[in-house]
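> Chains as they are written, first to last, in UniProt numbering: chain A, 1 to 306; chain B, 1 to 306. All C-beta atoms in this analysis are idealised placements derived from N, C-alpha and C, irrespective of residue type, glycine included. Provided herewith is a single structure, encoded as structure tokens, for subsequent inquiry.
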């Protein structure tokens with residue numbers, strides 16, 4: 001039986017690229033694998049796939065009876081709804097350990113690094129499998145995306161080393177320039193419905209029994225949101241109510257200024273204010289230096305709901 | 001802050017030896033570590049420690065405010081009671097993925113192999129750290145113990161390769177003979193209180209909300225239990241009631257005949273009978289070929305409680 005390699009719901013570039021890179025590796029070591037994705041491909045990811053000549057992996061949301069090698073998450077909230085009917089044979093991830101459990105032994109490659117593809121690189125090295133040029137390219141782009149071209153506090157020396165080695169294999173001389181090109185694509189918002197923007201890189205969390213949703217948009221210049229910010233705020237309220245969330249946040253991250261404006265819709269905004277020791281103004285606040293949802297938002301917001 | 005390396009409650013040889021071997025590795029790569037254990041040292045483990053010149057690691061049951069690198073489990077039921085007040089920085093394990101979660105990224109080295117020390121060996125290789133002779137000795141013994149000298153169905157080629165390499169480093173020519181010597185020590189039951197026997201290698205489980213406890217005694221000849229079996233059965237009943245368990249099992253494993261007699265105390269023994277398609281006689285049954293709690297008991301018993 002083939003193993004599906006698949007990342008989280010609302011897939012980002014790391015989820016799609018790690019499904020492809022891990023899938024290739026498993027096939028190479030004699031374990032038949034099929035890369036998959038749980039949702040649509042973002043413009044950034046499409047740019048990466050086009051740049052290195054890949055088709056998007058198969059869209060698949062039901063995994064009952066299948067073997068699944070999870071990439072880039074370990075939380076049930078980001079898993080297919082029928083996860084309990086699938087067999088999880090492995091997890092490769094770089095987040096906190098989530099609430100997925102299994103009934104049989106599996107392999108977990110979980111590391112506190114900036115990107116899942118950095119760990120997939122470790123797996124290639126462990127299995128002594130050569131990384132093809134185009135696979136190296138998408139892995140490198142995923143790491144540049146997740147680490148915001150090394151600016152994110154989640155970035156580690158292991159990620160930087162991986163990018164340099166992958167760039168060499170992929171034949172990309174100026175990976176910084178390619179990264180900026182990628183973030184320019186990511187920054188394009190014109191004509192995109194606000195709901196699509198909120199959900200582009202959105203993750204639902206269960207914080208001590210409280211439902212919280214956090215989206216993030218990383219752009220080169222925050223000014224592009226000037227015309228749509230009111231609409232974004234109104235739709236964030238709607239999304240919160242529709243999904244029965246206590247709190248819905250949207251991080252508008254300026255990767256050049258290195259900080260985020262956070263839009264907050266909440267049943268009780270004082271929880272957010274206390275968590276970050278800030279005062280919201282019209283449901284918004286600028287958090288200087290904040291680039292990472294994982295490292296600079298969740299560890300502060302989660303304990304606030306305990 | 002030093003990282004405590006520590007295995008599960010009611011530690012077996014793998015838990016103690018992996019705390020020591022992982023602790024040494026972490027110190028070598030510049031992360032200060034202190035091996036610890038959550039409970040008493042079994043006769044088998046004492047034999048291993050004596051054979052290679054080790055003191056037992058520090059006894060420690062409270063970890064609030066500490067950093068903890070967990071070895072040999074990922075279930076809360078086997079963790080210190082104050083786990084939520086500790087920071088789990090890593091997990092190295094070879095069981096199914098349990099219900100421990102974290103609020104920060106960590107490193108998990110989880111593999112479907114026969115022993116945690118086999119994975120610690122992988123970690124030494126990854127970090128290119130030389131394994132000292134005596135550390136190699138205790139790692140090798142832990143693998144021989146967990147894999148029942150390669151007879152257990154949990155044993156993989158990776159475990160066998162690790163033992164051979166570790167035996168070479170430890171300067172042990174006949175590791176099979178050493179394994180048998182170890183199991184002879186393990187088989188000694190004379191003068192040991194029955195409760196101590198039941199708890200010697202005992203693990204509590206939460207099976208879909210139902211509390212189940214399973215102990216295992218691996219011996220060279222089952223006949224040694226002839227005189228104490230009635231007492232064991234009576235005490236297993238007592239233990240079940242005292243701990244509010246639905247079912248308590250004790251596997252009496254004959255490693256030479258390669259099978260286990262299972263003593264079953266249960267609120268509803270028919271669940272066990274259905275799970276294994278057997279009929280209990282006076283609360284007991286011989287399961288031919290059954291050597292592994294992890295691979296031949298839990299995967300059948302757990303779904304029976306779903």
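Where DSSP assigns a beta bridge to residue 92/B, which residues make up the other side?
71/B, 109/B
> Can a CB atom of chain A be found closer than 7 Å to the CB of residue 18/B?
no
> How many Å lie between residue 227/B and residue 233/B at the Cα?
12 Å
> Using DSSP's beta-bridge definition, name the partner residues of residue 251/A.
216/A, 262/A
> Does chain A have any CB closer than 7 Å to the CB of residue 211/B?
no
> At 7 Å on the CB atoms, spell out the chain A contacts of residue 110/B, in chain order.
106, 107, 108
> Is the beta carbon of residue 270/B closer than 7 Å to that of residue 240/B?
no
> For residue 97/A, go through chain B and note every residue whose CB falls closer than 7 Å to its CB, in chain order.
100, 101, 102, 106, 108
> Considering just the uninterrupted stretch of the alpha helix (DSSP H) at residue 139/A, what are its terminal residues?
133-146
> Determine which residues share a DSSP beta bridge with residue 1/B and list them.
Residue 1/B is not bridged to any residue.
> Residues of chain A with CB closer than 9 Å to the CB of residue 302/B, please, in chain order.
103
> Residue 18/B: which of 190/B, 34/B, 207/B sits nearest, CA to CA?
For residue 18/B, the nearest C-alpha among the options comes from 34/B.
> Counting along the chain, where does the alpha helix (DSSP H) carrying residue 161/B start and finish?
157-170
> I'd like to know whether the C-beta atoms of residue 162/A and residue 203/A end up nearer to each other than 7 Å.
no
> For the region 127-139 of chain B, list every residue whose C-beta sits within 7 Å of some C-beta in chain A, in sequence order.
none
> Under 8 Å: do the region 91-111 of chain B and the region 66-73 of chain B share three or more Cβ pairs, one atom per stretch?
yes
> Looking at C-beta atoms only, is the number of pairs between the region 209-219 of chain B and the region 166-182 of chain B that lie closer than 8 Å three or more?
no
> Quick check on this structure: which residue in 149/B, 25/B, 218/B, 181/B has the alpha carbon closest to the alpha carbon of residue 129/B?
25/B
> Just tell me which of 244/A, 273/A, 60/A has its CA closest to the CA of residue 11/A.
60/A
> Does the distance from the CB of residue 92/A to the CB of residue 119/A come in under 7 Å?
A contact, by the Cβ cut-off of 7 Å.
> Roughly how many angstroms separate the alpha carbons of residue 81/A and residue 56/B, rounded to a whole number?
Answer to the nearest angstrom: the Cα atoms are 46 Å apart.
> With DSSP run on the structure shown, which of helix, strand or coil describes residue 129/A?
coil
> Suppose contacts are defined by Cβ-Cβ distances below 7 Å. Is residue 101/A in contact with residue 84/B by that definition?
With respect to the 7 Å criterion, residue 101/A and residue 84/B are not classified as neighbours on the basis of their beta carbons.
> Which residues in chain A sit within 7 Å of residue 299/B, going by Cβ to Cβ distance?
103, 104
> Identify the contact partners of residue 94/A in chain B, using a Cβ-Cβ distance below 8 Å as the criterion.
105
> Grab the span of the alpha helix (DSSP H) containing residue 185/A for me, first residue to last.
175-187
> Which partner residues of residue 285/B appear in the DSSP bridge assignment?
Answer by DSSP bridge pairing, in chain order: 262/B.
> Answer with buried or exposed for residue 125/A, where buried requires no fewer than 16 other C-beta atoms within 10 angstroms of its C-beta.
exposed
> State buried or exposed for residue 164/B, treating a residue as buried only when at least 16 other CB atoms are found within 10 Å of its CB.
exposed
> Are there 16 or more other CB atoms within 10 angstroms of the CB of residue 302/B, so buried, or fewer, so exposed?
buried
> Label residue 288/A either buried or exposed according to how many other C-beta atoms from any shown protein chain fall within 10 Å of its C-beta, with 16 as the threshold for buried.
Classification for residue 288/A: exposed.
> Apart from the five residues just before and just after residue 258/A, which ones in its own chain have a Cβ nearer than 7 Å to its Cβ?
151, 289, 291
> CB-CB under 6 Å to residue 45/A, same chain, minus the five flanking residues each way: which ones, in chain order?
13, 16
> May I ask you to list the residues that DSSP assigns as paired with residue 224/B?
Listed as beta-bridge partners of residue 224/B by DSSP are no residues whatsoever.
> Mapping DSSP to helix, strand and coil, what is residue 31/A?
coil
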